[in-house]
Amino acid sequence: MWTGTGPRELRRVVEFDESFLKPPVVQVSLSMLDIDQSTNHRVDISAEMVSESGFVIVFKTWGDTRIARARADWTAFGSVRHEDDWDLY
């Protein structure tokens with residue numbers, strides 16, 4: 001993403017350590033961004049394909065924006081199985 005040509009989107013799969021009972025609400029945010037100061041700053045980060053077991057982080061840029069590196073943090077909110085929950089049948 002530094003050359004200004006080539007792929008302008010990056011996807012990374014995240015797998016939860018423990019599955020949720022249903023798809024959780026996921027918040028994704030940038031925690032670090034190294035970007036060329038002489039170009040426009042256009043970035044988008046989101047969570048897609050959220051399921052009980054994980055999701056995909058999608059980072060996008062466009063135009064003349066040049067990205068050297070980026071880091072994302074995420075938080076998932078939802079119900080997980082409790083050790084006292086039993087499946088009898």
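Per UniProt numbering, the very first residue in the sequence shown carries number 1; after that it's consecutive.
Just so you know, even glycine gets a beta-carbon here, dropped at the ideal spot from N, CA and C.
Keep in mind the model is a prediction, meaning the values are calculated, not measured.
Answer yes or no: do residue i and residue j have a C-beta to C-beta separation smaller than 9 Å?
i   : j   : result
F59 : A72 : yes
E18 : R81 : yes
R53 : F77 : In the sequence as presented, Arg is not what sits at residue 53; that position holds Ser. Contact flag unset, no.
Consult DSSP for residue i and reduce its assignment to one of helix, strand or coil.
i   : result
K60 : strand
D44 : strand
V50 : coil
S79 : coil
E15 : strand
L33 : strand
L10 : strand
D84 : coil
R69 : strand
Beta-carbon of residue i versus every beta-carbon of chain B: anything under 9 Å?
i   : result
Q37 : Checking the listed chains, one finds no chain B in this structure; it contains a single protein chain.
Hey, out of the options, whose CA is closest to residue i's CA?
i   : options          : result
N40 : A70, G63 and V14 : G63
S31 : S51, V43 and T65 : V43
V22 : D34, L33 and F55 : The question names Val, yet the displayed sequence has Lys at residue 22. Of the listed residues, the one whose Cα sits closest to K22 is F55.
S38 : L10, T65 and V13 : T65
D34 : I57, S51 and A70 : A70
Quiz item: How do the region 19-30 and the region 43-63 stand: do at least 3 beta-carbon pairs fall below 8 Å, yes or no?
Solution: Between the region 19-30 and the region 43-63 there are three or more C-beta pairs closer than 8 Å, enough to call the two in contact.
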